[in-house]
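One structure below.
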Amino acid sequence: MPKNSKVTQREHSSEHVTESVADLLAHQEPVDYKRSVLNVTGEGWDKQKEGDEDLEAENRPAWNSKLQYILAQIGYSVGLGNVWRFPYLCQKNGGGAYLVPYLVLLIIIGLPLFFLELAVGQRIRRGSIGVWNYICPRLGGIGYASCLVCFFVGLYYNVIIGWSIFYFFKSFQYPLPWSECPIVRNGSVAVVETECERSSATTYFWYRETLDISNSISESGGLNWKMTLCLLVAWSLVGLAMIKGIQSSGKVMYFSSLFPYLVLVCFLVRGLLLRGAVDGIMHMFTPKLDKMLDPQVWREAATQVFFALGLGFGGVIAFSSYNKQDNNCHFDATLVSFINFFTSVLATLVVFAVLGFKANIMNEKCVVENAEKILGYLNTNVLSHDLIPPHVNFSHLTAKDYNEMYRVIMTVKEGHFKELGLDACLLEDELNKSVQGTGLAFIAFTEAMTHFPASPFWSVMFFLMLINLGLGSMIGTMSGITTPIIDTFKVRKEVFTVGCCIFAFVVGLIFVQRSGNYFVTMFDDYSATLPLTVVVILENIAVAWIYGTKKFMQELTEMLGFRPYQFYYYAWKYVSPICMAVLMTASIIQLGVSPPGYSAWIREEAAEKFLLYPTWAMAILISLIILASLPLPLVFILRQFHLVSDGSNALSVTYKKGRMMKDISNLEDNDETRFILSKVPSETPSPMPTHRSYLGPGSNSPMEMSSAPNGRYGSGYLLASTPESEL
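Numbering (the UniProt record's numbering), first residue to last: 1 to 727.
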C-alpha cells in the first residue's frame with residue numbers, strides 16, 4: 001500500500017479512527033487486497049491464480065450487440081405457449097376480460113421478478129449456480145434445482161420440435177396428407193379407414209400417422225422410428241446452435257426470433273381476409289366481466305405470466321450474465337415483458353381469426369348434413385312440408401334459414417324431436433369448442449389450413465414458425481444448464497454441449513415410443529410447475545430478505561446510473577413473495593384435487609378417454625417433483641452443517657474496471673464504525689487499538705481468523721458473519 005495513504009498513516013498514529021471505511025477507500029487508488037495488509041483471510045497471494053481469474057473475467061463472452069441480446073431474451077420468453085396456451089386461456093377465462101388480470105399480474109409479479117433475474121445475472125456475471133452461491137450460499141441449491149428443471153423441460157420440449165419437423169416435411173405435397181381420410185382396400189372393396197371416419201382426417205393423421213399412439217401409458221408399443229429420427233434432427237439443431245455458446249446461438253436468434261413475427265403478421269393479414277374471421281375475433285374479445293371475480297382465472301393468469309417470461313429456469317440469468325455491467329437491464333426487462341404480452345395478443349388474434357374461419361366451414365357442413373336429414377324426413381312423410389317456411393331454398397340453404405327451420409320443427413315436434421337427431425348448428429357452439437396445446441397446433445389449426453388456398457405454403461410457414469419458436473426457447477433452456485455448469489466446473493464448452501445433447505436424446509427416447517405422448521403430458525404437468533414456483537420464491541427471498549433489498553437497490557443504482565422506482569422495493573420485499581406463496585398454495589391444492597391422469601386415445605372408439613396413471617407412473621410422477629426440488633434442502637443441509645465448503649465468509653472486493661462484486665461502501669453508516677482493517681498473521685501487529693470487525697446484523701462474536709481458501713469469486717475481507725450468509 002502507498003506510504004502516504006490514510007490507512008498507513010493511521011497505523012503509525014495513536015489517534016482514534018473516526019473516518020468511515022467508505023471515506024478511506026474513496027481516496028485510495030485501486031488496490032489488490034490479496035497483496036495488501038487488508039487481506040484478513042490468511043491466504044497467500046497466488047499470482048498465477050489471480051491472473052487466471054482476471055483473465056476469465058476479461059475473456060467472458062459478450063453479446064455482439066444490444067439487439068442480439070434483446071432478440072435472445074425475446075426468443076427465449078416468446079415460445080409455443082404464446083401461440084397455443086394464451087389464446088386458450090383467454091377464451092376459457094372471459095375473453096377480453098382475461099387480459100385485465102393478466103396485465104395486472106404481469107406488472108406486479110412478472111416484471112419485478114424478471115428485472116430481478118436480469119439484474120443479478122448482469123451484476124455477478126455468472127450462471128444460476130454461481131449467482132445464488134454468491135448471494136446466499138445456503139440457498140445455492142436454487143441454481144442446481146433450476147438446472148434439473150431445465151433438463152426435464154428440455155427433454156420433452158424438444159420432442160414437440162420433433163413433431164413440428166415431421167409436419168414441416170409432410171407439408172411439401174398437395175393435397176396435404178391430413179386433408180382426407182385414407183382409403184383401405186378390403187379385397188375388391190375400397191372403404192374409408194374406420195378410425196378416421198369416426199373422428200376426422202386431421203385427428204387420424206395426428207394420432208395414427210404421426211404418433212401411432214397406443215391405448216394407454218402401460219402399452220409401450222416400441223419406438224416410433226419416424227419420431228425417433230425427428231427427435232435426432234431436433235437435438236442436432238439445438239446442439240449446432242449451442243456448440244459455441246452465445247457466439248453461435250446469438251446469430252441463430254436473428255432468424256429464430258424475428259421469423260415467427262413475420263409469419264404471425266402474414267397469417268393475421270390472410271386470416272382477416274377469410275370468411276368468418278371477424279366472428280372468431282369478436283367471440284374472442286367479447287368480455288365476460290363476471291369471470292374477473294373467479295380466483296381460478298387469477299391463478300391461471302399468474303401461472304401463465306410466470307412461465308411466459310421463463311422465470312426460475314436460469315436462462316434469463318445466463319443470457320444477462322454476458323452483458324456489460326452498465327447495461328440498462330431495467331429497460332430490457334420492461335421491453336421484453338411487454339413484447340411478450342403483445343406477442344400473445346397478436347397470436348390470439350391470428351388463432352381466432354383462423355378458428356373463426358374454421359367454425360364457419362364446420363357450421364356450413366353441419367347445415368348441409370342436417371338439411372339432408374330433413375329432406376329425407378320430408379320424402380318419407382315423417383315431417384310435413386307445411387313446417388318448412390316458404391322462402392327456404394334447400395339448394396342455397398343459409399345458416400339463418402336452417403336455424404329458423406330448426407326452431408319450427410323443434411316447436412311442433414316437441415315430444416319426438418330427439419328421435420330426429422337434428423343438430424342446432426350454431427356458430428357460437430363451434431367457437432366455444434376450446435382447444436389448446438397439441439390439439440390446437442396439430443389438429444384444429446392444421447384442419448383450418450386445409451381450406452386455405454395454397455394450403456401447403458401456409459402449412460410450411462406455420463410449422464417452420466413453430467420450429468423457430470421452439471428452438472428459441474430451447475436455446476434459452478439449454479443455456480440455463482450449460483452456462484452455470486461451465487462457469488462452476490470449468491468444463492470445455494463444446495464437449496459438454498455435445499455430451500448434454502447426446503445424453504438428452506438417449507433419455508428422450510421414452511417420449512418417442514408409441515406411448516410417448518402420455519409421458520410428454522406427465523412431464524409437462526408435473527416436472528416444472530411446483531419446483532419452479534418454489535425456486536422463484538427462494539430467489540425472491542434470497543435477494544430481498546437475506547441479501548437485503550436496500551443493499552440491492554443501492555447496487556442497482558451504482559450499476560444502472562439511476563435509482564430504480566420505489567415500486568420495485570415494495571414489490572420485491574412484500575408483494576411478489578406473498579403473491580408467489582399464494583400461487584404455490586393454489587398449485588398444491590390444484591394438484592391435490594385434480595385426479596392424476598391423462599387423456600388416452602382409444603383406437604377402437606376413435607375417441608379420447610381420461611385414464612388414471614397406474615402405480616408405477618405415479619411413482620415416476622412423484623419422483624420428478626422430488627428430484628427437481630431435492631437440491632434445495634440438500635445444499636442447505638450440507639452448507640448449514642459445514643459438510644461442504646460454501647465460501648460464504650468471503651467478501652470479494654474487485655475493483656476491475658470500477659466494479660465491486662460486493663461493495664464495502666454499501667455498508668450501513670452504523671456498521672462502518674465497527675469495521676477494522678487488519679493485517680495478515682505473518683506481519684508485525686499494528687500499534688492501533690484493537691477494534692472489532694464488521695459482524696453484520698445481529699452478530700456479537702469477534703472475528704475469527706481463517707486460513708481456509710476463499711470462495712471462487714475472488715478474495716478480500718473475510719468476515720465471521722455477513723448479512724448475505726445468514727439464514
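The beta-carbon is built from N, C-alpha and C at its ideal position, and this holds for glycine as well.
Computed from a prediction, not measured in an experiment: that's the story for all the values here.
The alpha-carbon of Ala359 is positioned some 12 angstroms away from that of His451. Checking the DSSP bridge columns, you'll see Ile183 partnered with Val192. The DSSP-derived three-state label of Glu605 is coil. Membership of Glu414 in any alpha helix (DSSP H) is not indicated, and neither H nor E is assigned to it by DSSP.
A Cβ-Cβ contact shorter than 8 angstroms links Gly130 with Asp487. The beta carbon of Ala234 lies closer than 7 angstroms to those of Asn158, Ile161, Gly162 and Ile165 in the same chain, with the five residues before and after it left out. Residue burial annotation: Val184 is exposed, with fewer than 16 other C-beta atoms found within 10 angstroms of its C-beta. Remark: C-beta atoms of Val350 and Leu268 approach each other more closely than 8 angstroms.
Assignment of beta-bridge partners to Leu223 by DSSP yields Gln513. As DSSP reads the structure, Tyr598 sits in a beta bridge with Leu611. The straight-line gap separating the alpha-carbon atoms of Thr228 and Val507 is approximately 12 angstroms. DSSP places Val534 in the uninterrupted alpha helix (DSSP H) bounded by Thr529 to Ile541. Excluding its 5 nearest sequence neighbours in each direction, Leu99 has C-beta neighbours in its own chain below 8 angstroms: Cys90 and Val345, listed in chain order. Close CB contacts of Arg198 within its chain, under the 6 angstroms cut and outside five residues either way in sequence, are with Ala606 (chain order). The shortest C-alpha to C-alpha distance from Asn93 to any of Phe552, Gly310, Phe285 and His416 is the one to Phe285. Remark: C-beta atoms of Cys230 and Thr477 do not approach each other more closely than 8 angstroms. The distance from the Cβ of Asn224 to that of Val512 is about 5 angstroms, consistent with a contact at the 8 angstroms cut-off. Contact between the segment 70 to 85 and the segment 465 to 473 is present, with at least three C-beta pairs closer than 8 angstroms. Beta-carbon to beta-carbon, Leu274 and Phe357 are separated by about 4 angstroms, close enough to satisfy the 8 angstroms threshold. Excluding five sequence positions before and after Ser146, the CB atoms of its chain that fall closer than 7 angstroms to its own CB belong to Ser128, Gly312, Phe313, Gly314, Gly480 and Val535, given in chain order.
Fewer than three beta-carbon pairs drawn from the segment 236 to 256 and the segment 514 to 528 are found closer than 8 angstroms, and the two stretches are therefore not classed as touching. Counting only the Cα atoms, Val83 lies some 14 angstroms from Met461. Around the beta carbon of Leu383, a 10 Å sphere encloses 16 or more other beta carbons of the protein chains shown; the residue is thus reported as buried. About 6 angstroms separates the beta carbons of Ser587 and Leu530, which is inside the 8 angstroms limit, making them a contact pair. Secondary structure note for Thr203: its alpha helix (DSSP H) is the uninterrupted segment Ala201 to Tyr204. Spanning the alpha carbons of Lys551 and Pro61 requires a straight line of approximately 28 angstroms. The shortest CA-to-CA distance from Ile339 to any of Val305, Leu426 and Lys324 is the one to Val305. Per the C-alpha coordinates, the member of Leu139, Phe86, Lys433 and Phe342 positioned closest to Gln640 is Leu139. According to the DSSP assignment, Ser576 belongs to the alpha helix (DSSP H) that extends over Ser576 to Val593. Going by DSSP, Met284 is part of the alpha helix (DSSP H) stretching over Ala277 to Phe285. Closest in alpha carbon position to Leu105, among Thr482, Ile625 and Met580, is Met580.
Straight across, the Cα-Cα distance linking Ile388 with Val408 is about 8 angstroms. Per DSSP, Arg270 is one residue of the alpha helix (DSSP H) stretching across Ile246 to Leu272. Under the DSSP assignment, Gln73 falls in the alpha helix (DSSP H) whose first and last residues are Lys66 to Ser77. Beyond the five residues adjoining it in sequence on each side, Asn403 comes within less than 8 angstroms, by CB distance, of Ala424, Cys425 and Leu426 in the same chain, given in chain order.
Here the segment 111 to 124 lies against the segment 547 to 567, with 3 or more beta-carbon pairs under 8 angstroms apart.
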